[in-house]
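Protein chains in written order, with the numbering used here: chain A, 344 to 1030; chain B, 2 to 142.
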C-alpha cells in the first residue's frame, strides 16, 4: 500500500470529524510529513512504509495546515527549516489550534549545533528531535512508539465516549423512572382513597342491612370475617376475625340452633370444599342468648384452572322478616279456620285479583279446590253462560277502581242439578296507607228471593195486561148501555112518560158508575207495575202549575185558592206525581162546604234525606177513626152521590204510588177543621 | 165548507158508529162517512191511498181498538209511507191513560177524543169535527 501524495480532495467535500465513524483502532493511522524538499519526503515515505501507516505529504506550511484540517494525525514530522515558515512557527500555529494541540511533533533538523532550536522546539510541544540524515531504524521505532500511543489514545477516547453515552442514557432512564414513580405514587394514593371510601360505604350499608360477611381463603387456609360480624351474628369469631378455618367453622356450628344444625352442616360442607350452594335460612343463638334468623349465601372464586381460590359468604339478619311472615301466616291460619266454619261461601283474592283461597263450604257446593285458584275466569264451569261475561267484567272493573264488588249471578247447584241465583260480593282490605292488600268475597244464595221476584214480576205484568184488556172490554158495553139509555131518554123520554125517565136515569147512573169504577181499577193496577222504565227527576213546581191548569174550571167555579211554597225536584215518574197532585188537590177542592171557598196549600220539607210534602186544606176534615180507612180501595166516607161523589179509589191510588217509591202517606185532621195529607218521596239523585 | 167532506172512520162497534153519525148530524155537518170495520177493509184502504191521493179523507177518525189491525198500526203505516199527510187525524179512545195519549202523539195525531159513558160528552165530537173542518177551510184559503 503506497501513499499517493497529499490528499487532493477539494475543501468542500471534506467530511467533518463528527460525520466520520469513530476510528477503529485497527484502522491505519495518519502521519503527516512536512518538508520543502520532495526528495526528503520520499525518503521519509519509504522509511515509514508500513501497512498500518498512512503517510500524508506536505511541502509547505500551508499544505500542512490544510492537511491537518482534513484529517486527524497521530504524528507530525516536521522539518525545522522551511521557506515560508519555519517548522517552529508551524509548530506554534499547530499548538494554538485546539484540535491539533496535542499532536506529537518530531522535528527534523540538519543542524547540529542548534541547541537554542532544541529548546524552542520543546517549548512548542515537540516531543523529539532528530538529526538529518535520519537513521531509518531509529525513526521507525520512534514513529512506532507514537503510533502506538495514538492508537491507545483513540481507543481510550472511544471507550470514554461510549462510557459517557452510557452514563447519559442511564441518567435519562433514571429521570424517566423517577417521573413514573411520582405519577404512580399519586395514582396509587388516589385509588387507595377511592377504595377506602367505597369500603366505608359498603360497610355502612352492610351495617344498616345487618349484613356481614365471611371470607374463606383456600390458599392461605384462613377464615376472615368482617368487622361487624359480632354485631350481626351475636357472637365474636375466634382469633378476632382472622383465624383458622376449622376453628372458625366449629365456633359457628356451636351457635347454630340445634333444630337447624343438619341443613347448616350440609351447606357448610359445600362451602368448605368451594362448591356453590343455595341460600340457607337458619336460627342462631348468640352469646347474649337471643335467637336470630340468619340467611346465608355464598359464591366461590376460582383460579383460571378451576380450582377454588376463595369462598365469599354473606350472612343477613332476617329475624324481622321471619317474624312478620310468621305473624302473617298465623293470622291467615286464624282467618281460614274462621272461614271454614262459616255456613257461607267465602273466597279471598290477592290485590291483583287472583283467587288464592276457597273455604270449605265453597268447596262443598262447587266441588272446586285449589286447582281453580287464580283468575276469576276459572269459575266458568259453574257460572250460568249468560252471567259469566258480566261477572268477570264487573270484577275487573272493581279491581281497577277499588270499589266493592256486587253482582248477581247463577251458580250451578250440584245438589238440585239446576242453576241457583247467588249474590256475589267482595270487599277490598287496605293497609294503613290505603293500598289494597287483599279482597274477601262471599257468595250468598238468593235463589228463592230471585224466583219470587221473578214470579211477582210476571204476575204483575200478567195482571196489568189483563186489567188493560179487561177494562177496555168491560168499558165498551158499559158505555153503550149508558150512552144509549141517555139517547133513549133524550129522544123518546117525553113520549114514554111516567117513571120511565127516572128508571132510565138509574140505569144511566149505574152504568156510568160502573164505568168509572172500571177505569179507576185500571188506574190502580197500573201503578203497581214493576216496569223497567228509568225514573227521571221532575220539576214539581212546573207540574203543579199544569195540574192547577187542568183543574182551573173547578177552581174558578168554587173561587178556590191553590198555592204552594217553593217545591223541590224529586226523583219520580212524571205521571205518578201528577196523579198524586190531581187526586189530593182535587179532593181538597171537592170536600168543602158549598159556601166556603176552598183553600189548598202545598209545601215540602226535607226529612231524613227524603222530601215530605204536605197538602193542607180548609175542608170538612176527617175524623181520626177513619184516617187509615180512607186509603182503602173503594172506601168512602160518604154516600156516592151529590157533591161528595167519587169512586173511593183516589187515595188508594195515591198510597200505591207513594209506596212504590218507598215512601209513606198519611193524614192528620180534625173533623170540621180541614185536613193535611202528608206523603214522602225520594229526593233528586237518590233511588 | 167544502161540500160533503169525506170522513173515514175506523170503528168495529156499530153502536159507536151510530153515535158518531148522530154527533156529526147534530152539529149540522153535511158529510160523507166511510166506515172501516175490520183489518181487511183497513188494508184495502191503505192500498188505495197508495196510488190514489184523492181517496184520502179530510178527517180520519181512528178508534184505537180495532181488532186484527189496530188503529195505531194504520196510523204508523200512513206515516211511514207518507200517505194522506193532509188528512186531520182524530183518535177516538176509551182510554185516558197517559201512555196511550203519548203513543199517538208521536204519530202526528192532532185530536184525542175520549169516549166516555156520557151522551152529552160524546155529542161534543160533532163540535170538534166542525171546528176542524172550518180551520181546514181557512188554511186552504
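Just so it is clear, CB atoms sit at the ideal spot from N, CA and C, and this is done for glycine as well.
Just so we're clear, the structure is a prediction, and the values are computed from it rather than from any experiment.
With DSSP run on the structure shown, which of helix, strand or coil describes residue 716 of chain A? If DSSP states are grouped into helix, strand and coil, residue 716 of chain A belongs with coil.
Name the residues in the region 13 to 31 of chain B whose C-beta lies less than 7 angstroms from a C-beta of chain A; which are they? Here the close residues are 14, 16, 20.
Just confirm the distance between the C-beta atoms of residue 63 of chain B and residue 92 of chain B, as a whole number of angstroms; I'd bet it's less than 8 angstroms. That pair is a contact at about 5 angstroms.
Taking 8 angstroms as the CB-CB cut-off, is residue 95 of chain B touching chain A? Interface residue (Cβ-Cβ distance to chain A less than 8 angstroms): residue 95 of chain B is classified as such.
Going along the chain, which residues of the region 105 to 120 of chain B sit with their C-beta nearer than 8 angstroms to a C-beta in chain A? Taking 8 angstroms as the upper bound on Cβ-Cβ separation, chain A lies near residues 116, 117, 118, 119, 120 of the region 105 to 120 of chain B.
Please confirm if residue 123 of chain B has its CB atom under 8 angstroms from at least one CB of chain A. Chain A, which has a Cβ nearer than 8 angstroms to the Cβ of residue 123 of chain B, makes this yes.
Closer than 8 angstroms, CB to CB, is residue 837 of chain A near chain B or not? Closer than 8 angstroms: no.
Return the Cβ separation of residue 630 of chain A and residue 578 of chain A in integer angstroms, given the expectation that the two are a contact with Cβ distance under 8 angstroms. Between residue 578 of chain A and residue 630 of chain A the Cβ distance is about 5 angstroms, and since that is below 8 angstroms, they are a contact.
In chain order, what are the residue ranges of uninterrupted beta strand (DSSP E) at least 3 long that sit wholly in the region 580 to 648 of chain A? As far as the region 580 to 648 of chain A is concerned, its whole beta strand (DSSP E) runs of at least 3 residues are 585 to 587, 623 to 628, 634 to 645.
For residue 1023 of chain A, the first and last residue of its enclosing beta strand (DSSP E): Per DSSP, the unbroken beta strand (DSSP E) holding residue 1023 of chain A starts and ends at 1018 to 1025.
Need the endpoints of the beta strand (DSSP E) that residue 711 of chain A sits in, please. Per DSSP, residue 711 of chain A lies in no beta strand (DSSP E) and is assigned neither H nor E.
Determine, using beta carbons only, whether residue 867 of chain A comes closer than 8 angstroms to chain B. No - not a single Cβ of chain B is within 8 angstroms of the one on residue 867 of chain A.
Partner residues on chain B for residue 821 of chain A, Cβ-Cβ distance less than 9 angstroms: The contacting residues are 118.
For the alpha helix (DSSP H) that residue 32 of chain B lies in, which residues bound it at each end? No alpha helix (DSSP H) contains residue 32 of chain B, which DSSP labels as neither H nor E.
Counting only Cβ pairs nearer than 9 angstroms, list the residues of chain B close to residue 825 of chain A. Ordered by position in chain B, the residues that pass the 9 angstroms Cβ test against residue 825 of chain A are 117, 118, 119, 120.
Put residue 668 of chain A into one of helix, strand or coil per three-state DSSP. The answer is helix: DSSP assigns residue 668 of chain A an H, G or I state.
The beta strand (DSSP E) with residue 904 of chain A in it runs from where to where? For residue 904 of chain A, the enclosing beta strand (DSSP E) starts and ends at 904 to 907.
Under 8 angstroms between C-beta atoms, does residue 913 of chain A make it to chain B? For residue 913 of chain A, the closest Cβ of chain B is not nearer than 8 angstroms.
DSSP-derived helix/strand/coil call for residue 686 of chain A: Three-state DSSP puts residue 686 of chain A in coil, outside helix and strand.
Endpoints, the beta strand (DSSP E) within which residue 781 of chain A is located: Its beta strand (DSSP E) spans residues 779 to 788.
For the alpha helix (DSSP H) that residue 550 of chain A lies in, which residues bound it at each end? Per DSSP, residue 550 of chain A belongs to the alpha helix (DSSP H) from 479 to 552.
From the DSSP output, which residues share a beta bridge with residue 114 of chain B? BP columns for residue 114 of chain B point to B:93.
Just curious, the alpha helix (DSSP H) that residue 132 of chain B is in, first and last residue? Note, residue 132 of chain B: alpha helix (DSSP H), 120 to 141.
Is residue 981 of chain A helix, strand or coil by DSSP? Coil.
Among the residues of its own chain, which have a CB less than 8 angstroms from the CB of residue 622 of chain A, if the five just before and after it don't count? 638, 639, 640, listed in sequence order.
Using a Cβ-Cβ cutoff of 7 angstroms, what residues of the region 667 to 690 of chain A are near chain B? List them in chain order. Here the close residues number zero.
Could you work out which residues of chain B lie near residue 833 of chain A, taking near to mean beta carbons separated by less than 8 angstroms? In chain order: 120.
Nearest-angstrom beta carbon gap, residue 420 of chain A and residue 396 of chain A [assumed within contact, 8 angstroms]: About 11 angstroms separates the two Cβ atoms, so there is no contact after all.
Taking contact to mean at least 3 C-beta pairs separated by less than 8 angstroms, is the region 963 to 970 of chain A in contact with the region 1010 to 1028 of chain A? They touch, by the three-pair rule.
Assigned exposure category for residue 823 of chain A - 16 Cβ within 10 Å defines buried: Flag for residue 823 of chain A reads buried.
In the DSSP assignment, find the unbroken beta strand (DSSP E) run with residue 452 of chain A in it and report its ends. For residue 452 of chain A, the enclosing beta strand (DSSP E) has its first and last residue at 448 to 452.
Output needed in chain order: residues of the region 916 to 943 of chain A with a Cβ under 7 angstroms from some Cβ in chain B. Those residues of the region 916 to 943 of chain A placed with their C-beta closer than 7 angstroms to a C-beta in chain B are 918, ordered along the chain.
On the DSSP bridge list, what partners appear for residue 920 of chain A? As far as DSSP is concerned, residue 920 of chain A takes part in no beta bridge.
On a CA-only basis, which of A:891, A:701, A:951, A:819 is nearest residue 930 of chain A? Give me that one, please. That would be A:891, whose Cα lies nearest to the Cα of residue 930 of chain A.
Cβ of residue 1022 of chain A less than 8 angstroms from any chain B Cβ? No, its Cβ sits nowhere closer than 8 angstroms to a Cβ of chain B.
Can you say whether residue 72 of chain B is buried or exposed, counting buried as having 16 or more other CB atoms within 10 angstroms of its CB? Only buried fits residue 72 of chain B, as 16 or more other CB atoms lie within 10 angstroms of its CB.
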